[in-house]
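So the sequence lines, in the order shown, correspond to chains F and U.
Be aware that the first sequence starts at 1, since it is given in our numbering, and climbs by one per residue.
Be aware that the second sequence starts at 1001, since it is given in our numbering, and climbs by one per residue.
Report on the following structure.
Number of protein chains: 2
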Amino acid sequence: MPINCKEIPEQYARVQENLKKLNLDGMLAISLENFYWLSGALVTTMKSIPDRIGAVLSILDEDPVLLTCSIEESLVVDATWIKDVRTYEEFKQSPIVVLADIMRQKGLGKGRIGVEMDYLVACYYEELKRELPEVELVDVSVLYRKMRMVKTPREIKILSHAAFATEEAMTRTFWEAKPGDREIDVLNNMIIKTMQAGGSQPSGSFGTGPKSAVAHPFADESPLRNGDIVSVDFGACFDGYYSDIGRTAVVGASGERQNRIYQSLYDVQRRLIDMVRPGVKACDIYFKAVELLHAAGIDLSLSHVGHGLGLSIHEEPLLSPFCEQPLLENMIINIEPFYVTDEGYHSEDSMIVTKDGVELLSTFADHSKIIPITNK
Amino acid sequence: MPINCKEIPEQYARVQENLKKLNLDGMLAISLENFYWLSGALVTTMKSIPDRIGAVLSILDEDPVLLTCSIEESLVVDATWIKDVRTYEEFKQSPIVVLADIMRQKGLGKGRIGVEMDYLVACYYEELKRELPEVELVDVSVLYRKMRMVKTPREIKILSHAAFATEEAMTRTFWEAKPGDREIDVLNNMIIKTMQAGGSQPSGSFGTGPKSAVAHPFADESPLRNGDIVSVDFGACFDGYYSDIGRTAVVGASGERQNRIYQSLYDVQRRLIDMVRPGVKACDIYFKAVELLHAAGIDLSLSHVGHGLGLSIHEEPLLSPFCEQPLLENMIINIEPFYVTDEGYHSEDSMIVTKDGVELLSTFADHSKIIPITNK
């Protein structure tokens, strides 16, 4: 039976190509991210209530089948291009038993089936093996990550808006804040502005003074103190896709040493961004960062200097010493050098790899200097 | 070696008791929820960046060991009572290899070790089995759920504030809204008020008119139309603990049929709440709900009528036909009958099981009638 859907989305075409290449009979998508990426249906309870799993079963040369909890059926049917939507009743039926039945109906009671071993939990994994003892389960975690690296036009549109809107919300918040404001109120203002731009699940780390040197510090009720660095790494979710921006501000006027450190960090970031183009290896950007930071008297304190961005906050390619993936057109990546001394300095921006270079997405305002918090 | 910590929290005492009872040599906590519950350290990236796992290794009659990514070390050390904190370097070391080393050092290279099979992903599970072939892995998913059912005084304090503050934010938002307001603006106002009360990660479903009959509908840019039901199921995270409140409002004045349906639903909810006390089985509340709703001419459209609430939105006990767990003092549960016809009606409240009855937590405002949205 050939594929019947008139409009196969790009995502399903990529899956079909890889099923052939890897000699797989089918492939499951059970994580919220891959389920949404393939089906178009964003079922947020798949994360907030993890027992309530859903699955897209891709089948070699055939239409896919989607399985969801009956509670989510109307939402899914409205959102997906997939015609064959099946359901299970929560608590009454095991979703794995229902899934195994569907697989047998589709002739997949044996054969090679891809699963996300980095997402499928051990109890469901064991149950699936018991239900389908003749199936060979093949780990396709890395394959999904690779398939999702290059973004579609719709994804680029969402991620571009997400990056710009988040940076705008952060910058405007710094502009409106003043010495003495409580950290938590400043963060809440940032969150509100991000949500008004369409973001949900806003979250981030907010560190001032010595606390800026801690990874992922929480905002608290302390007031912003003159001279303190304010280091914020912040993002939200827009239609299932994440933003992730880092900015460094200072309460009142920055000192000479603070300016010097930030300037070095910012210059390094710019030089790394200038390297970005198709064909450059992810690890080479990391190695360059180490070299440039070392030359500036800074020892890199992070295990990576950036990452792909999309349905997860950290996606492939990771700009780490171990990732040899070459950059490709229409990848979206973040570059984020970080420097920790008695205070923490950070600058993180999102960009798209273009045909012959790079286009920055977080371009609301210049941040070549530490952003002053003065409300003047 | 006996336990050295001077102040063993209640949580670790429960773990020790169960290690003995189940003849286990140790037990791992790797989910954000159980890691936080045991250690006191809330490492939010354990959820947002799932590869970055952490673990608390509880050991029979000994102090626990905590493993975290080096990036999170300072945060964890500040927050936890556990003295033995180890780290691994992301991307450079496999956290499972480091964990297995620690287990061998602690004499747990063989024996019976509890793991959360409902959280540990299949690839880490397979790696752990390869690293420690002589260890017998025992599923303790259900055990952790049971250990977390009865809340500590600190948990009760956080959850009480969370429920009341969320209900207040929702109610005040309805009071401030008016016909013609866009759904998204009303939801954002609710979110802002919740965050100002200390909530993070606010999220919820927001359905108006026919859309209120869909499970988990999203707010959009449509205006609130006179006569439409507005059904909102909403919550946020407070210090790692969730709120989850459901309310039904109407734009302008409600019609007679709408009032009648809501009145039946509300009366059923009150009668279910009156049943709550230690010793009553969770399933009996579900069966009573079916009986009462049926008598009111309503067929129950949900597979459960409530649930425990805590570090997850759905915790044990589940008020479903399959849960025979008796209620216990200091459980926190939600009761949430739902009725779907051409519109969706919902009322969800949080309560604590007391020594001889129940105490409602979401008591900001009376909601025995549909909340009118008139801004008068």
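Cβ atoms here follow ideal geometry from the backbone N, Cα and C, with glycine treated the same way.
Helix, strand or coil at residue i [DSSP, three-state]
{"i": "U:His-1294", "result": "helix"}
{"i": "F:Ser-67", "result": "Residue identity check: residue 67 of chain F is Leu in the sequence provided, not Ser. Correct three-state label for F:Leu-67: strand."}
{"i": "F:Leu-60", "result": "coil"}
{"i": "U:Leu-1132", "result": "coil"}
{"i": "F:His-346", "result": "strand"}
{"i": "U:Asp-1084", "result": "strand"}
{"i": "F:Phe-206", "result": "strand"}
{"i": "U:Leu-1360", "result": "strand"}
{"i": "F:Asn-23", "result": "coil"}
{"i": "U:Met-1001", "result": "Because the pLDDT of U:Met-1001 is 43, which lies under 50, any placement of that residue in the model is unreliable, and the number read from its coordinates should be weighed accordingly. Coil at U:Met-1001, not helix or strand."}
{"i": "U:Met-1351", "result": "strand"}
{"i": "F:Asn-188", "result": "helix"}
{"i": "U:Arg-1145", "result": "helix"}
{"i": "U:Asn-1448", "result": "Nothing about residue 1448 of chain U can be reported from this structure: the residues present for chain U run from 1001 to 1376 only."}
{"i": "F:Arg-182", "result": "strand"}
{"i": "U:Gln-1201", "result": "strand"}
{"i": "F:Pro-9", "result": "coil"}
{"i": "F:Leu-309", "result": "coil"}
{"i": "U:Asp-1078", "result": "helix"}
{"i": "U:Tyr-1339", "result": "strand"}
is_contact[residue i, chain U] using C-beta, thresh 8 Å
{"i": "F:Gln-325", "result": "no"}
{"i": "F:Ser-243", "result": "no"}
{"i": "F:Phe-322", "result": "yes"}
{"i": "F:Ser-303", "result": "yes"}
{"i": "F:Ser-141", "result": "yes"}
{"i": "F:Ile-370", "result": "no"}
{"i": "F:Ser-231", "result": "no"}
{"i": "F:His-346", "result": "no"}
{"i": "F:Val-214", "result": "yes"}
{"i": "F:Gln-16", "result": "no"}
{"i": "F:Gln-263", "result": "no"}
{"i": "F:Met-149", "result": "no"}
Cβ of residue i within 8 Å of any chain F Cβ
{"i": "U:Leu-1132", "result": "no"}
{"i": "U:Leu-1075", "result": "yes"}
{"i": "U:Ile-1313", "result": "yes"}
{"i": "U:Ser-1094", "result": "no"}
{"i": "U:Val-1222", "result": "Inspection of the sequence shows that residue 1222 of chain U is occupied by Ser rather than by Val. Chain F, which has no Cβ nearer than 8 Å to the Cβ of U:Ser-1222, makes this no."}
{"i": "U:Gln-1201", "result": "yes"}
8 Å CB neighbourhood of residue i in its chain, flanking five on each side removed
{"i": "U:Pro-1050", "result": "Val-1121"}
{"i": "F:Met-331", "result": "Met-149, Val-150, Lys-151, Gly-308, Pro-317, Ile-352 and Val-353"}
{"i": "U:Asn-1023", "result": "Arg-1112"}
{"i": "U:Val-1250", "result": "Gly-1227, Asp-1228, Ile-1229, Val-1230, Gln-1258, Ile-1370, Ile-1371, Pro-1372 and Ile-1373"}
{"i": "F:Phe-364", "result": "Phe-164, Glu-167, Glu-168 and Thr-171"}
{"i": "U:Leu-1272", "result": "Ile-1285, Lys-1288, Ala-1289, Leu-1292, Val-1305, Gly-1306, Ile-1335 and Pro-1337"}
Same chain, Cβ closer than 7 Å to residue i, five either side skipped, listed in chain order
{"i": "F:Lys-110", "result": "Glu-134 and Val-135"}
{"i": "U:Val-1065", "result": "Leu-1057, Asp-1084, Arg-1086, Ile-1102 and Lys-1106"}
{"i": "U:Val-1097", "result": "Glu-1131"}
{"i": "F:Asp-342", "result": "Pro-210 and Ala-213"}
{"i": "U:Ala-1253", "result": "Pro-1372"}
{"i": "F:Glu-359", "result": "Met-351 and Ile-352"}
{"i": "U:Lys-1193", "result": "Ala-1169, Arg-1172 and Thr-1173"}
6 Å Cβ shell around residue i - same chain, five flanking residues per side excluded
{"i": "F:Leu-302", "result": "Phe-338"}
{"i": "U:Met-1001", "result": "A caution first: U:Met-1001 carries a pLDDT of 43, below 50, which makes its placement in the model unreliable, though a value can still be read off. Contacts found: Glu-1062."}
{"i": "F:Cys-323", "result": "Ala-282, Cys-283 and Pro-317"}
{"i": "F:Glu-90", "result": "Cys-69"}
{"i": "F:His-216", "result": "Ser-205"}
| task | Identify each residue in the stretch 1181–1196 of chain U for which the Cβ-Cβ distance to at least one residue of chain F is less than 7 Å, and report them in chain order. | result | Asn-1188, Ile-1191, Ile-1192, Met-1195 and Gln-1196
Checklist line | Positions along the stretch 1101–1127 of chain U whose CB lies within less than 7 Å of some CB in chain F | finding: Met-1117, Asp-1118, Tyr-1119, Leu-1120, Val-1121, Ala-1122, Cys-1123 and Tyr-1125
Suppose only complete runs of 4+ residues qualify. What are the alpha helix (DSSP H) ranges in the stretch 1233–1289 of chain U, listed by chain order? 1256–1275
Practice prompt. Identify each residue in the stretch 1065–1092 of chain U for which the Cβ-Cβ distance to at least one residue of chain F is less than 7 Å, and report them in chain order.
Written response: Ile-1071, Glu-1072, Ser-1074, Leu-1075, Glu-1089, Glu-1090, Phe-1091 and Lys-1092
Between the stretch 32–56 of chain F and chain U, which residues of the former have a C-beta closer than 9 Å to a C-beta of the latter? Leu-42, Val-43, Thr-44, Thr-45, Lys-47, Ser-48, Ile-49, Pro-50, Asp-51 and Arg-52
For the stretch 348–365 of chain F, which residues have a beta carbon sitting closer than 8 Å to at least one beta carbon of chain U?
none
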